[in-house]
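Numbered per our numbering, the sequence shown spans residues 95 to 700.
Note that the Cβ used here is the ideal one computed from N, Cα and C, for glycine as well.
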Amino acid sequence: MTTAQGVQHPVTASERSVSSSADFLRRLRRLVLDEADSQRQQIVQTWSKPISERVAQGDAIEGVQVVSVTPEGIVELACNRNVSRFREGDILLLNRGNPFEEPRVPCTLEVDDETRLLVSTDDPGVNWGRILHQRTGWVLDYGYVDFSPYILDALDQTAGTAVGQQRILPLLMGQVNPTLDYARYERAYERAEQWGLNATQCEALANAYATNLTWLIQGPPGTGKTLVLARLVQLLVEDGERVFVTAFTHRAINNALEKLAELDRLGDAAPASFCKIGRQASASEGADVRNYETFEGSPLAELSGGYAIGATPFATRTQRLNGVEFDTVIFDEASQITMPLAIMGMLVAKRYIFIGDHKQLPPVLTARHREAWLRASVFGALVGRRFDTMLDETYRMNAELTEWPSQQYYDGQLRCASKEIAQRRVAYMRQPTRFETILDPEAPKVFVDLHHRNATTSSMAEASLICDLIAELLACGVKPDEIGVVTPYRAQARTIRNLLHSMPPDSEQRRKIIVDTVERMQGQERDVILLSLTTSNPAFAAGIADFFLQPERLNVAITRARVKLIIVGSSHLLSLVSEDPDIQVLVEQLKECIASCAYRTSPYVR
Numbered sequence: 095m096t097t098a099q100g101v102q103h104p105v106t107a108s109e110r111s112v113s114s115s116a117d118f119l120r121r122l123r124r125l126v127l128d129e130a131d132s133q134r135q136q137i138v139q140t141w142s143k144p145i146s147e148r149v150a151q152g153d154a155i156e157g158v159q160v161v162s163v164t165p166e167g168i169v170e171l172a173c174n175r176n177v178s179r180f181r182e183g184d185i186l187l188l189n190r191g192n193p194f195e196e197p198r199v200p201c202t203l204e205v206d207d208e209t210r211l212l213v214s215t216d217d218p219g220v221n222w223g224r225i226l227h228q229r230t231g232w233v234l235d236y237g238y239v240d241f242s243p244y245i246l247d248a249l250d251q252t253a254g255t256a257v258g259q260q261r262i263l264p265l266l267m268g269q270v271n272p273t274l275d276y277a278r279y280e281r282a283y284e285r286a287e288q289w290g291l292n293a294t295q296c297e298a299l300a301n302a303y304a305t306n307l308t309w310l311i312q313g314p315p316g317t318g319k320t321l322v323l324a325r326l327v328q329l330l331v332e333d334g335e336r337v338f339v340t341a342f343t344h345r346a347i348n349n350a351l352e353k354l355a356e357l358d359r360l361g362d363a364a365p366a367s368f369c370k371i372g373r374q375a376s377a378s379e380g381a382d383v384r385n386y387e388t389f390e391g392s393p394l395a396e397l398s399g400g401y402a403i404g405a406t407p408f409a410t411r412t413q414r415l416n417g418v419e420f421d422t423v424i425f426d427e428a429s430q431i432t433m434p435l436a437i438m439g440m441l442v443a444k445r446y447i448f449i450g451d452h453k454q455l456p457p458v459l460t461a462r463h464r465e466a467w468l469r470a471s472v473f474g475a476l477v478g479r480r481f482d483t484m485l486d487e488t489y490r491m492n493a494e495l496t497e498w499p500s501q502q503y504y505d506g507q508l509r510c511a512s513k514e515i516a517q518r519r520v521a522y523m524r525q526p527t528r529f530e531t532i533l534d535p536e537a538p539k540v541f542v543d544l545h546h547r548n549a550t551t552s553s554m555a556e557a558s559l560i561c562d563l564i565a566e567l568l569a570c571g572v573k574p575d576e577i578g579v580v581t582p583y584r585a586q587a588r589t590i591r592n593l594l595h596s597m598p599p600d601s602e603q604r605r606k607i608i609v610d611t612v613e614r615m616q617g618q619e620r621d622v623i624l625l626s627l628t629t630s631n632p633a634f635a636a637g638i639a640d641f642f643l644q645p646e647r648l649n650v651a652i653t654r655a656r657v658k659l660i661i662v663g664s665s666h667l668l669s670l671v672s673e674d675p676d677i678q679v680l681v682e683q684l685k686e687c688i689a690s691c692a693y694r695t696s697p698y699v700r
C-alpha cells in the first residue's frame, strides 16, 4: 500500500479483501479498463486543443518537414523549433494539424536531435508517395495505442488455465509461498562466491535459483541487481532452461541483456545463448545485443538447449513470441510493473523471479483507484512475505551520498561496499576557478539556493546555472559522459538541453551529457549529478504533490550520483505549508533532504 509518505509498503491480504479468484480478476479487469479509459480521455483532450496551445504546452511540434523515408520505415523529419516534451521511445502521430483526421501516421520516436528527428513506423497502410509529394506542413502530436485488449486477454487466460489457477492466482492472492531446494541453493551460493559476489548477492542468487515458484530481489541504488540478474540467467541457461527476461521498458531489458553480454565476454561461465525480440535498441541505449523481430526469425528457434530471450510482456501476445513457452521468467524493474501486466508475462512460465525496489519509482497510473492494492506494483504486492532478499551494499555512492537515503528509505541498512567507495571524491585535473564552493570535492552534497519565484515546470535561472556549472566541470577535466542532469519535468530537460547545445563552442562531446527526467534516469548513474528542482511556486507544487514530492521520485533523483550531487532550486518552494497532513509530510521530507546538504546561495560569479 502507499502510506502518507508515499512509499510503497507490503500489501496485506486484509487490505485486498478479495473473496475469490474470480473477484480478484474482476477487480484487475476494472483497473485495466479504467486506465485505458483515462488514457483515451487524456489524449482526446490534448488533441482537441488548438495547435498553438499544443505546441506551447510541449505536446506537439508544428512546421515539420518529411525529409526522407527508408524501405524499413525509418522517417527523417526536420523542424525549425522543437520545444516539445517528446523523448526517444514515445509513441507519436504524424498528421496535417488535426490528429483526428487522415492522413495520420502512428510512429515511434527513435532519435531526437532537437530540430532533426528520426521516427519509425510499421504501419503497412501508409501512402508514402502521397506524403512525399506534400513534404511540408506536418505536425507531430502524442500518439495513442490501446494495449488493454492484450492485457484483458491475458487475464481471461489466467482464469482458464492450470498455470493461472494453480500457480499465478494463489501466489498473487497470498495463498501459497515458495519452497527451496537446498542442494540447488548450495550449488548456486558456491558459484556466486566464486564469482566474487557479496554476501547478500550470494543469498539472493541462491534463493532465486533454488525456489520452486518465486523469489523477490530488492536492489537499492547501486547494489548490483543487474549483475545478480545476469548471473542467475547464466546458471539457469547452463541447466538447459529457457529464460524470459522482461520489464516495462525496452531500456531496462536492454540493460539486463547488455550485462549478460558483458559477462559472456569474461568467459567465466558457459556462454549463454540470448537475444532480444522486438524493437531495436537505439544507439543511446547501446546495441551490443542481437535483435530480431520475431522468435521464429531468430537462430534460437532452432536450439534444443537453454537460452534467454528479452522482450516486453506484450510480445507474448503477438507474433513476436506467440506460442513460445519458458521455464522461468525474470522481471526487471518489477516495482514499475502492475499486477495485470505481470500476469501477462507469468503465463508463459512456471517460475517467477521479481527484481526491483519498491522504494523507487512505482507504476505510472493515470486513473484514480480507491483500493491501494490495485495501485501497487507486483513487487509491492509480494514483498514482505518472507520470500525476498534485499541487497545492502552500494557500489555507487560515497558515504555522504549514501547516508540520507539509507536512513530515510532502507532503515539504515544500505551501506557502502568498501572503505574506498565510501571515501571517493570527484577528481579534477585542475581546481575550479568559478563556483569553487559549489564544486568543492569535500562537499559531496550541495544545495544551491537561487531564490527565484513562481517557476512551475521550467526555470531559465536554474538552466543557466546548470549549464555554467557544466562548463566549469568540463574545464576541470570531468568527462562529459560522467555528468548527468536530472529534473522532474520534460520541459525543463528540453530547456537545459537546448541551452547547453547553444553554448559555444557546441561539440559532440557536450552532447554526451545526459539531461533527462527522473523516470528515464532510474537505473543510470554518473560521477556528478545536477538535480534541477525547477518549481518555486508553492501552490503549484501542492497541486501536483503526488508527483513532484513523491518519495520514490526523490529517492531516484538523489541516488544517481557516485561522488557529487548538486541540487539547484529555490528556498521559496520550501515555504509551502499545506492543510493536508499527507502533503506536509512530503514537504518536510524534502526539507530534511536539503538540510542534509551543504548550503550555497547566490553563486553567480561570471
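In the structure shown, residue 252 adopts helical secondary structure according to DSSP, grouped into three states. DSSP places residue 327 in the uninterrupted alpha helix (DSSP H) bounded by 319 to 332. As the crow flies, the alpha-carbon of residue 467 is around 40 Å from that of residue 545. Judged by beta-carbon spacing, residue 264 lies beyond the 8 Å limit of residue 309, meaning their Cβ atoms are not closer than that value. When secondary structure is reduced to three states using DSSP, residue 238 falls in the coil class, being assigned neither helix nor strand. Among the bridge pairs identified by DSSP, residue 578 is matched with 608, 623. Straight through space, the alpha carbons of residue 215 and residue 163 are spaced by roughly 10 Å. 550 is the residue among 550, 570, 403, 275 whose C-alpha sits nearest the C-alpha of residue 581. Per the Cβ contact rule, the stretch 509 to 523 is not in contact with the stretch 552 to 561 (fewer than 3 Cβ pairs under 8 Å). Beta-bridge pairing by DSSP links residue 471 to 432.
Judged by DSSP secondary structure, residue 284 falls within the alpha helix (DSSP H) whose first and last residues are 276 to 288.
DSSP places residue 461 outside both helix and strand once states are collapsed to three, so it counts as coil. The beta strand (DSSP E) runs of length 3 or more contained entirely in the stretch 532 to 565 are, from start to end of the chain, 539 to 543. Apart from the 5 residues on each side of it in sequence, residue 692 sits with its Cβ closer than 6 Å to the Cβ of 537, 540 in its chain, given in chain order. Assignment of residue 693 by DSSP, reduced to helix, strand and coil, places it in the strand class.
For residue 340, the enclosing beta strand (DSSP E) covers residues 336 to 340. Spatial neighbours of residue 129 in its own chain (CB-CB distance under 8 Å, excluding positions within 5 residues in sequence) are listed in chain order as 242, 459, 460, 461. Residue 402: member of the beta strand (DSSP E) spanning 401 to 404, first to last residue. In this chain, the beta strand (DSSP E) harbouring residue 446 covers 445 to 450. Residues of the same chain with a CB within less than 8 Å of the CB of residue 504, apart from the 5 flanking positions on each side, are 314, 453, 484, 486 in chain order.
Under the three-pair Cβ rule at 8 Å, the stretch 321 to 339 counts as touching the stretch 347 to 356. In the DSSP assignment, residue 348 falls outside any beta strand (DSSP E) and lies within the alpha helix (DSSP H) extending over 344 to 360.
It is roughly 13 Å from the alpha-carbon of residue 120 to the alpha-carbon of residue 247. In the DSSP assignment, residue 156 falls within the unbroken beta strand (DSSP E) covering 154 to 163. The Cβ atoms of residue 443 and residue 425 lie no closer than 8 Å to each other. Rounded to the nearest angstrom, the gap between the Cα atoms of residue 475 and residue 613 is 21 Å. Residue 192 carries a coil assignment under DSSP once its states are collapsed to helix, strand and coil.
Rounded to the nearest whole angstrom, the C-alpha separation of residue 302 and residue 281 is 12 Å.
Note that the C-beta distance between residue 570 and residue 594 is not below 8 Å.
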